[in-house]
Each structure stands twice: as structure tokens, then as C-alpha cells.
Amino acid sequence: MKETNLTRRVLIKGSLVTGILVVASNILPVSVLATGNAAAIQHPLKNKRLYTDKGRCPNCGMMLNMWARTRQEFHNSEGDHSTCSIRCMADMSQNSGENPENAKTALYLHPEKMVAVGSASYVIGSSAKGTMTMKSKLAFASAAEAASFQKQYGGKVVDFETAFAAAAKELSMSRPKIEKKRKKKGKIADPTAEARCAVCGMYPARYPEHRCQISTGKGETHHFCSSQCMVSFLADPKQYVNKDIKAKSIWVTIPQEHSYEYAMGLYYLVGSSIMGPMGREAIPYRRKTVAEAAAGKHGGKVVRFKALTPQLISDNI
Ligand SMILES: [Zn+2]
Ligand SMILES: [Zn+2]
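Numbers given in the numbering used here equal positions in the sequence shown, counted from 1, plus 41.
In C-alpha cells, the structure reads:
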């Protein structure tokens, strides 16, 4: 009797375990995809396997290898680009006023592979985690593969044009959420009232239209009152903090928005009559056409962040 009970208990326990495993194999990928935790489909990729060696997304600063499942490659008049996502490609397209040429996408289930966007099928709005968006837009090798994913994780199967248009439409709405997330993750931080500009000693918190910051990625953030001070600092950090500083990410404020944005993705008006806290300033704009219109009105010229030097900002152009 005792033995029988024990045997039964073991059997029940065994079947329960089997049952849990069966259920788990059905539901685990959904929860994993929704939360982005490690398991069957890991996104972002946290292992050391490199699918790309191209560093960071030029639009948002995220590591391309980490977001390899959603990365994109394309060309425009400024050159060849690799972004973390279809969202950042849409953002760059909107900001430059150019459609992406020769665009390629990584396949979500095979991040080592890139295919022409026109040949891919997309699932948008599934329970899978997106990149830089609440609503994921994932590329698959074929319509059948996309349909099979959609069946399991929901969403809608669409072509590239539809996915790209959806990404472009969500851009302005997504910005406050992205900023909130960046603050939560410690990528950016508002300067305290006491924080001083590392170059001139003024209080960046008092200049919400011009303040900038750099992060070293080691918990070290340097705040600046203006792009003029930040560019001077980056040209020769030792002069101000007595050590070499390698900026991991650089953030500037777009005057009209009062919010921080990744510096590399923007267009800068230099040599204009628009002044900042320190006088001459590199004024950031999202859209190239808006920056150029401002140059027409206020003088100066439009450049990318990498071209900025203390000389270029302070010179009369
Ligand atoms: Zn990006
Ligand atoms: Zn300053």
C-alpha cells in the first residue's frame, strides 16, 4: 500500500513535471520575447557572438551587435549606414529628407543574415520585444516564416513599405518614451541645480534649451551649459578635468524640445546669429531642411557633429 502510494505519487509528480515542461515550452518564448530575458530567442543579444563589428547605431548610440536581430544597412548621400532598427532608419530618412537606398535588414531568427528589405516579410505588433519602439517590426526570410511567427506571437504580417511607414509614423510619439527609458537606465541624467558646467562653471540646469552632457559609461557624467563648452571639452578634456576622458555617449538639447537627444544623429547650425549661454553656439536640429532654413534666416552653415570644433563654433563664418 505504502509502496503503491509512493509509486503513484512519483508517477503523478513525474507527469506534472512533464506537464509543466510541455506548457513551458509553449508559453516560454512568448514571455521571453515580451520581456527580453535570456532564453530561446534572445533579443537583445547579450552573448559575445559578433554579427557586426560596426559599433554603434549612428542615430541612437546603441550597440549594433546587441541589436543584431533588427539591424539595418542602407545608403544615402552622406554614405553607408548601419542602424539598430527600422525605427532608426526611418528617423534618419525623415531627418535627412532622403529615402534609404539599397536597404538591407537582418533576419530576426537568423541575425547573421542580411537580405534586401524588399525580399523580407515583416511581423509588426507581435508580443516580441522591439528595438527603440513599443511595437516591434521584425523581418523574416519569407511570408511563410512570418506567418508561422505571427501565428505563435500575434501581430500582423506586412511588407517592408508598410513596416517602414509604421516606423516613420510612430517617431514623434515615441520620443518622450525613449527619453524616459534613457533616464531610467541612467544613459542620461538631468543636471542637479548645483551641477556646474565642466568648462565655464555656469549652471547647466539654468539653460534647459542648450545644456549638453557626456557619459563615459563608467557612471561618470559631465554636464555643460552649451554645445560650445562641450565641444571645447571634448577637444581637450585634460585641460578641464586633469585626465583623459573617453565619451561613450554624447547628448545635446534641441532648443525647441527641451529634451536630450543623441548628438550624432542631428544637424548643427554653426556661425549663425543665434546665440547660446556662451555666445556663439552649434544649434542642433533634427531635420536637415529646418537647419538649412535657419541658416538662410540667421546665417551660418549646417554640419554634422563630427565636423564640430571649438574653432568652427567660435569663428565668424
Ligand atoms: Zn538606433
Ligand atoms: Zn559652459
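The beta-carbon is built from N, C-alpha and C at its ideal position, and this holds for glycine as well.
Beta carbon of residue i, beta carbon of residue j: below 7 angstroms?
i, j, result
"Pro351", "Ser256", "no"
"Pro217", "Ser267", "no"
"Gln269", "Ile324", "no"
"Trp108", "Pro141", "no"
"Cys101", "Tyr308", "no"
"Thr172", "Thr124", "no"
"Leu310", "Ala276", "no"
"Ala336", "Val344", "no"
Quickly, what does DSSP pair residue i with across the bridge? List them, please.
i, result
"Leu310", "Ile324, Val343"
"His299", "BP columns for His299 are empty, so no partner."
"Glu114", "Ser123, Lys145"
"Met104", "Arg97"
"Gly317", "Gly320"
Which residues in the same chain as residue i place their Cβ atom closer than 6 angstroms to its Cβ, once the five residues preceding and following it in sequence are excluded?
i, result
"Asp356", "none"
"Pro232", "Pro245, Ala246, His264"
"Tyr163", "Lys178, Ala180, Val199, Ala204"
"Ala188", "Val198"
"Ser290", "Gly102, Ser256"
Can you give me the Cβ contacts of residue i inside the same chain, cut-off strictly under 7 angstroms, excluding the 5 residues immediately before and after it?
i, result
"Asn78", "Because the pLDDT of Asn78 is 36, which lies under 50, any placement of that residue in the model is unreliable, and the number read from its coordinates should be weighed accordingly. Cβ within range, chain order: n/a, list empty."
"Ala157", "Lys145"
"Lys347", "none"
"Gly159", "Phe201"
Go through its chain and collect everything with a Cβ distance to residue i's Cβ below 8 angstroms, but skip five positions before and after it.
i, result
"Ser215", "Arg128, Met173, Thr174, Met175"
"Asp285", "Pro278, Lys279"
Inside the region 139-215 only - beta strand (DSSP E) runs reaching at least 3 residues = If we require 3 residues or more, the beta strand (DSSP E) runs fully inside the region 139-215 come out as 142-148, 151-157, 162-165, 178-181, 197-199.
request  = Within the region 245-309, note down every full alpha helix (DSSP H) run reaching 4 residues or more, in order along the chain.
outcome  = The DSSP assignment places complete alpha helix (DSSP H) segments of no fewer than 4 residues inside the region 245-309 at 268-276, 279-282, in order along the chain.
Residues whose Cβ lies closer than 6 angstroms to any heavy atom of ligand 2, in chain order = Spelled out in chain order, the answer is Cys238, Val240, Cys241, Met243, Phe265, Cys266, Ser267, Cys270, Met319.
ask   = Relative to ligand 1, what is the chain-ordered list of residues with a Cβ closer than 6 angstroms to any of its non-hydrogen atoms?
value = Those satisfying the condition are, in chain order, Cys98, Asn100, Cys101, Met103, Thr124, Cys125, Ser126, Cys129, Met173.
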